[in-house]
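Count the sequence shown with numbering that gives the first Met the number 0 and you get residues 0 to 203, in order.
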Amino acid sequence: MSPRVDEQNQQIRDIRKQQLLAAGAKVFGERGYAGTKVSDIVGEAQLSHGLIYHYFSSKEDIYIELAKTAFITSYETIHQAVHSNGSPYERLKAMTEGIFAHTRESGHFFLIALQTNTSKTVPEEASAISKEYSAKSLELLKHLFQQGQEQGEFIKVDPSEQALMYSSMLNGVVFTQLTYPLLEDFPQVDQILRIFIDTSSLKE
Numbered sequence: 000m001s002p003r004v005d006e007q008n009q010q011i012r013d014i015r016k017q018q019l020l021a022a023g024a025k026v027f028g029e030r031g032y033a034g035t036k037v038s039d040i041v042g043e044a045q046l047s048h049g050l051i052y053h054y055f056s057s058k059e060d061i062y063i064e065l066a067k068t069a070f071i072t073s074y075e076t077i078h079q080a081v082h083s084n085g086s087p088y089e090r091l092k093a094m095t096e097g098i099f100a101h102t103r104e105s106g107h108f109f110l111i112a113l114q115t116n117t118s119k120t121v122p123e124e125a126s127a128i129s130k131e132y133s134a135k136s137l138e139l140l141k142h143l144f145q146q147g148q149e150q151g152e153f154i155k156v157d158p159s160e161q162a163l164m165y166s167s168m169l170n171g172v173v174f175t176q177l178t179y180p181l182l183e184d185f186p187q188v189d190q191i192l193r194i195f196i197d198t199s200s201l202k203e
């Protein structure tokens, strides 16, 4: 088989794998891990049932890969914002806007992350990934809030608690908007962050 044919075959395999992952994200996000069958994913992807086993051995493998993508993407968004230019408040705002933008495009990944954090039925490996990256993300947020307090932008409370409050608040806003939308879009970021910010120190 020629290298060109090998390359074309690999492209086809990659496309089909992405089809299965996209279908898995949608179905897991809507039905949860326990409520999803392999046949549901195959049906959503509009591929033959036997084809899935060329890429994944079980729905567990699909879920683990999706959970890994969800948590790594979230962590990288936070990491990039924390280490970018701008004041701590500007970085927090940009990060929040980035999370909202990603959720608009890939809301199912947020729902997968949420159920991985809260459900006892998901694979143990997915739960381990969640614990690892959630801890890393909270540590980054802690440092960002600490910097903001030192520069007089953020309210002076325990930065670890502030990071946890921010994360919990953000999860609640995103979950509500995805499942029971009360607004046409996410609330204005400045309004959301007001509870965490010493607004008297912000420049107009």
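For each residue, glycine too, the CB sits at the ideal point set by N, CA and C.
Of all the options the options, which has the alpha carbon lying nearest to the alpha carbon of residue i?
i, options, result
"E104", "Y179, Q9 and V173", "V173"
"H82", "R15, K141, A112 and A69", "K141"
"T95", "D197, V188 and I196", "V188"
"F55", "L19, K67 and N84", "L19"
"Q17", "L169, I40 and G28", "I40"
"E59", "R15, A125 and T117", "A125"
"F108", "S57, Q45, L177 and V156", "L177"
"P87", "E149, L110 and D184", "E149"
"A69", "P180, L137, I111 and I77", "I111"
"A100", "L113, T72 and T117", "T72"
"Q190", "L169, T175, P180 and Y179", "L169"
"F27", "Q114, L91 and D13", "Q114"
"Q161", "D184, L91 and I11", "L91"
"I154", "A33, S57, K25 and F195", "F195"
"R193", "E75, E89 and S136", "E89"
"G42", "I77, A22 and V156", "A22"
"R12", "H53, F185 and D197", "H53"
"S57", "E75, E183, A66 and V37", "V37"
"G106", "P180, P158 and G34", "P180"
"G151", "H78, Y74 and D197", "D197"
Which class does residue i belong to by DSSP, given the choice of helix, strand or coil?
i, result
"F27", "helix"
"G85", "coil"
"Q10", "helix"
"K67", "helix"
"V172", "helix"
"K36", "coil"
"I57", "For the record, residue 57 in the displayed sequence is Ser; it is not Ile. Coil, per DSSP."
"Y179", "coil"
"F144", "helix"
"T120", "coil"
"L113", "helix"
"D184", "coil"
"S166", "helix"
"Q17", "helix"
"L139", "helix"
"S47", "coil"
"S105", "coil"
"P158", "helix"
"E203", "Model confidence at E203 stands at a pLDDT of 48, short of 50, so the residue's coordinates are unreliable and nothing is read from them."
Just list the residues that DSSP pairs residue i with in beta bridges.
i, result
"I196", "F153"
So does residue i have its beta carbon nearer than 7 Å to some heavy atom of the ligand SAM?
i, result
"L140", "Here there are no bound small molecules, and the ligand SAM is not part of this structure."
Would you call the stretch 87-102 and the stretch 161-175 in contact, with 3 or more CB pairs under 8 Å? In short, these stretches touch, since the Cβ pair count reaches three.
Quick check: the stretch 69-84 against the stretch 43-57, are at least 3 beta-carbon pairs closer than 8 Å? At 8 Å Cβ cutoff, the stretches do not touch.
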